[in-house]
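Only one structure is covered here, and it is reproduced in the block below.
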Amino acid sequence: MTYDISFVRVRPGLTLQETLDLLNADFDYDAELPVYRPSAGERAEWNRILDRVSRDIGSVESAEYLYSLTLETVGPPGRVQLDYCGDTANIEVAYGRSGPEALALMEQAYRVARIVEEESGLTGHDFEVDQPTRTGDPAKAAGRLSRVSDWMQSQFG
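Below you can see the structure in the form of structure tokens.
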């Protein structure tokens with residue numbers, strides 16, 4: 001179970017929600033996912049994201065999978081994973097941190113999110129706390145991460 005932040009390339013003339021509605025309407029849950037083959041422009045965006053995250057945040061591990069290009073931050077305050085697919089992307093943060101650790105982790109996740117937006121033109125939104133990543137408050141996200149992590153700890157030890 002992860003805390004997720006979503007990104008989409010908003011289509012001209014549409015809002016973020018309208019773009020998401022179109023993408024969701026076209027998605028077939030029973031179909032095989034198409035293999036992701038990044039265009040030259042998408043590859044350039046990915047390289048800029050990878051370079052900036054490495055330079056501004058620190059060490060990352062990256063990999064290419066059939067369905068996405070992926071990076072993970074390495075070291076404190078914890079793992080932030082970014083999956084990039086050209087017109088969409090997703091950040092995942094594992095639950096399990098609370099308090100100051102959650103805040104440090106979500107500050108890092110939001111730093112990655114803002115780099116993604118700046119380097120790719122994708123629009124990020126944190127639906128967990130319903131705020132845009134560009135102007136959103138990582139402390140609000142950390143509060144949610146903490147509450148869910150604490151609840152999980154109380155239920156599952």
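Going by full-length UniProt numbering, the first residue of the sequence shown is number 1, and it counts up by one from there. Backbone N, C-alpha and C fix where the C-beta goes; we use that ideal spot for every residue, glycine too. Note that the structure is predicted; figures quoted are calculated from it, not measured.
| request: Would you list the one or two residues that DSSP bridges to Asp4? | output: The count along the sequence shown starts at 1 and reaches residue 4 at position 4. The partner list for Asp4 (beta bridge, DSSP) reads Glu92.
| task | Report yes if the C-beta distance between Val60 and Ile91 is below 9 Å; otherwise report no. | result | Looking up residue 60 in the sequence shown gives position 60. Looking up residue 91 in the sequence shown gives position 91. For the 9 Å CB-CB criterion, Val60 and Ile91 do not form a contact.
| task | Please report the residue range of the alpha helix (DSSP H) in which Asp150 lies. | result | Numbered from its first residue, the sequence shown carries residue 150 at position 150. Pro138 to Phe156 is the extent of the alpha helix (DSSP H) around Asp150.
| Exposed unless 16 or more other CB atoms sit within 10 angstroms - verdict on Asp56 | Taking the sequence shown and counting its residues from 1, the one referred to as residue 56 is at position 56. Around the Cβ of Asp56, a 10 Å sphere holds fewer than 16 other Cβ atoms; the residue is exposed.
| query | Between the Cα of Leu145 and the Cα atoms of Tyr65, Leu23 and Met106, which residue gives the shortest distance? | reply | Here the question's residue 145 lines up with position 145 in the sequence shown. It is Met106 whose Cα lies nearest to the Cα of Leu145.
| Member of Val74, Glu118, Gln131 and Ala63 whose CA lies at the smallest distance from the CA of Ser54 | Here residue 54 refers to the residue found at position 54 of the sequence shown. Comparing Cα positions, the closest option is Val74.
| query | Quick one: what does DSSP say Glu128 is sitting in, helix, strand or coil? | reply | Within the sequence shown, numbered from 1, the residue matching residue 128 stands at position 128. Looking at Glu128 - three-state DSSP - the assignment turns out to be coil, as it is neither helix nor strand.
| query | In whole angstroms, what is the alpha-carbon distance linking Val148 and Arg97? | reply | What you label residue 148 is simply residue 148 of the sequence shown in a count that begins at 1. What you label residue 97 is simply residue 97 of the sequence shown in a count that begins at 1. Straight-line spacing of the CA atoms in Val148 and Arg97 works out to 9 Å.
| said: Rounded to the nearest angstrom, what separates Val23 and Arg11 at their Cα positions? | reply: Within the sequence shown, the letter at position 23 stands for residue 23. Within the sequence shown, the letter at position 11 stands for residue 11. Strictly speaking, residue 23 in this sequence is Leu, with Val absent from that position. Going by the C-alpha atoms only, they are around 10 Å apart.
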